[in-house]
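For this note's numbering, count along the sequence shown from 1 and bump the result up by 576.
Note that beta-carbon positions come from the ideal geometry of N, C-alpha and C, so glycine has one too.
Structure record follows, encoded as structure tokens.
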Amino acid sequence: MPLRRFRRQYEQLSQFERERIIGMMEAGWLARRVARQLGHSDCVVKRCWDQWIQEMLFTRRPGSGRPRQTDQSSRRPPHRKKCTRTTVSSVVIQVQVAPSLGASVSSRTIRRCLAKVHWGSWRPLRVLSLTPTHRPLHLEWCHARGNWTAAEWSQVVFRDEPRFNLSSDDNRVRVSRPRGERLNPAFALQRHTTSTAAVMVWGTIPYKTRSPLVLICGTMTA
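What follows is the structure in structure tokens.
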């Protein structure tokens with residue numbers, strides 16, 4: 577199982593979490609129960625408790641590595657940048673926030689700060705550019721069939737004439753958003769709909785099967 581799924585277990589304890597661990601342990605909780613409650617590993621909880629027993633300290637020991645360039649308050653600018661412009665990369669944010677922080681930060685630090693607030697990099701949802709007239713009609717169609725049964729849907733055949741674009745298209749554009757917000761219109765990108773070199777095919781999708789694709793030469797109307 578990838579280590580990224582257990583990222584929470586490898587993060588450093590905050591001051592508040594250290595105080596909670598000490599309080600739970602003094603209340604008689606087992607280290608395993610405390611670790612499960614806070615989402616950390618047993619070793620992290622035991623080390624925090626041992627430090628409290630031996631040194632009566634609940635703050636993080638000073639490390640020997642490179643000092644941090646960001647603190648809790650300085651991690652907010654990258655988050656605000658992503659909230660206003662969801663498609664900018666971490667390198668662009670690095671250049672924009674460096675003057676306000678007064679120190680050079682790496683793009684990896686930017687991504688780590690965004691991960692702290694549960695903002696990840698995802699492929700955007702591609703949507704059609706619907707007009708204000710189209711939207712209520714589509715919504716009305718969906719509401720009218722919201723309670724249909726499988727027997728009713730089996731009488732419906734969907735058809736489509738998709739066009740596959742042959743020109744260059746930057747599909748590497750990614751957006752930063754919280755988990756579970758894929759359908760949010762703020763994080764969606766409209767698809768390219770202008771006339772370009774493309775191939776059109778036609779096909780139908782009944783309830784339990786599908787038709788073969790038919791190549792369309794030229795234009796096709798309803």
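Other residues of its chain near Ser-666: CB distance less than 7 angstroms, five sequence neighbours each side excluded: Ser-683, Ile-686 and Arg-687
Check whether Tyr-783 and Trp-729 have beta carbons under 7 angstroms apart: yes
Continuous alpha helix (DSSP H) stretch holding Thr-780: start and end: Run containing Thr-780: none in the alpha helix (DSSP H); it sits in the beta strand (DSSP E), 774 to 781.
Pair within 7 angstroms by beta-carbon distance, Arg-881 and Thr-780: Summary: the structure shown does not reach residue 881, with the chain confined to residues 577 through 798, and so no result is reported for it.
Continuous beta strand (DSSP E) stretch holding Arg-735: start and end: 734 to 736
Backbone CA spacing between Pro-675 and Pro-761 [nearest angstrom]: 32 angstroms
Every unbroken alpha helix (DSSP H) inside the region 690 to 739 [4 residues or more]: 710 to 720 and 726 to 729
Residue span of the alpha helix (DSSP H) that contains Val-621, given as start and end: 618 to 631
One or two residues paired with Ala-764 in a DSSP bridge: Leu-701
C-beta atoms of Arg-758 and Arg-699 nearer than 7 angstroms: no
Reference Glu-737; option with closest CA among His-616, Trp-695, Trp-778 and Val-790: Trp-778
Alpha carbon of Leu-713 to alpha carbon of Arg-753, nearest angstrom: 29 angstroms
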